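Visitor: Have a look at the structure that comes next, please.
Numbering (our numbering), first residue to last: 11 to 154.
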């Protein structure tokens with residue numbers, strides 16, 4: 011698991027957990043997110059992501075503002091991670107975005123019905139990240 015951050019002009023840092031079994035895709039996602047002034051933590055699979063989320067809650071550390079996860083991963087896939095997050099009383103409000111290289115309508119619908127904020131196709135573009143930042147900004151406004 012890795013972590014990095016970059017300050018925005020206003021000092022705000024949205025904390026995104028990026029989950030993908032492909033190291034190349036994780037690094038690519040991390041760079042896109044850092045370019046949008048997000049703090050990024052990476053995990054190589056759903057199990058590691060859940061371990062991080064639980065340890066973060068137990069230690070009272072900085073809250074993850076969004077999870078971006080690949081759908082197809084060994085062990086716990088992105089859909090299973092989504093279900094675990096949405097069924098947890100302490101994590102259910104964290105927006106989850108599923109990404110996949112496969113455009114399968116039934117899969118997309120299933121993820122959105124389970125509570126995914128978005129389903130995006132790989133490769134992610136900077137415009138996708140800007141759209142996600144809009145969701146984070148809206149969420150922040152609701153909390154204030």
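Yeah, the Cβ is synthetic: ideal placement off N, Cα and C, and Gly gets one too.
Predicted model only: the values in this text are computed from it and were never measured.
(1) Pick out the complete beta strand (DSSP E) segments inside the region 28 to 75, 3 residues or longer, and give them in chain order.
(2) List the DSSP bridge partners of residue 130.
(3) For my contact list, residue 134 and residue 39 are in at a C-beta cut-off of 8 Å; report their separation, rounded to the angstrom.
(4) Quick check on DSSP: helix, strand or coil for residue 80?
(5) Identify, in the order they occur along the chain, each residue of the same chain with its Cβ nearer than 8 Å to the Cβ of residue 120, setting aside the five sequence neighbours on each side.
(6) Assign residue 26 to one of three DSSP states: helix, strand, or coil.
(7) Rounded to whole angstroms, what is the Cα-Cα separation between residue 85 and residue 58?
(8) Do residue 127 and residue 95 count as a contact pair if the criterion is CB distance below 8 Å?
(9) Could you check which residue in 55, 81, 75 and 117 has the C-alpha nearest to that of residue 146?
Guide: This is what the structure holds:
(1) Counting only runs of 3 or more, we get 48 to 53.
(2) For this step, residue 130 is matched to residue 120 along the chain shown. According to DSSP, which records beta bridges pairwise, residue 130 is partnered with 109.
(3) Position 124 of the chain shown, counting from 1, holds the residue named residue 134. Position 29 of the chain shown, counting from 1, holds the residue named residue 39. The C-beta separation of residue 134 from residue 39 comes to about 6 Å, placing the pair in contact by the 8 Å criterion.
(4) Counting from 1 along the chain shown, the entry for residue 80 is found at position 70. Correct three-state label for residue 80: strand.
(5) Within the chain shown, the letter at position 110 stands for residue 120. Only 89 meet the Cβ criterion.
(6) As a first step, residue 26 is located in the chain shown; it is residue number 16 there, counting from the start. It is a strand residue.
(7) Along the chain shown, one-based indexing puts residue 85 at 75. Along the chain shown, one-based indexing puts residue 58 at 48. Across the structure, residue 85 and residue 58 are spaced so that their CA atoms are roughly 10 Å apart.
(8) Within the chain shown, the letter at position 85 stands for residue 95. Within the chain shown, the letter at position 117 stands for residue 127. With contacts defined as CB atoms closer than 8 Å, residue 95 and residue 127 fail to qualify as a contacting pair.
(9) Residue 146 sits at position 136 when you count from the first residue of the chain shown. The shortest Cα separation from residue 146 among 55, 81, 75 and 117 belongs to 75.
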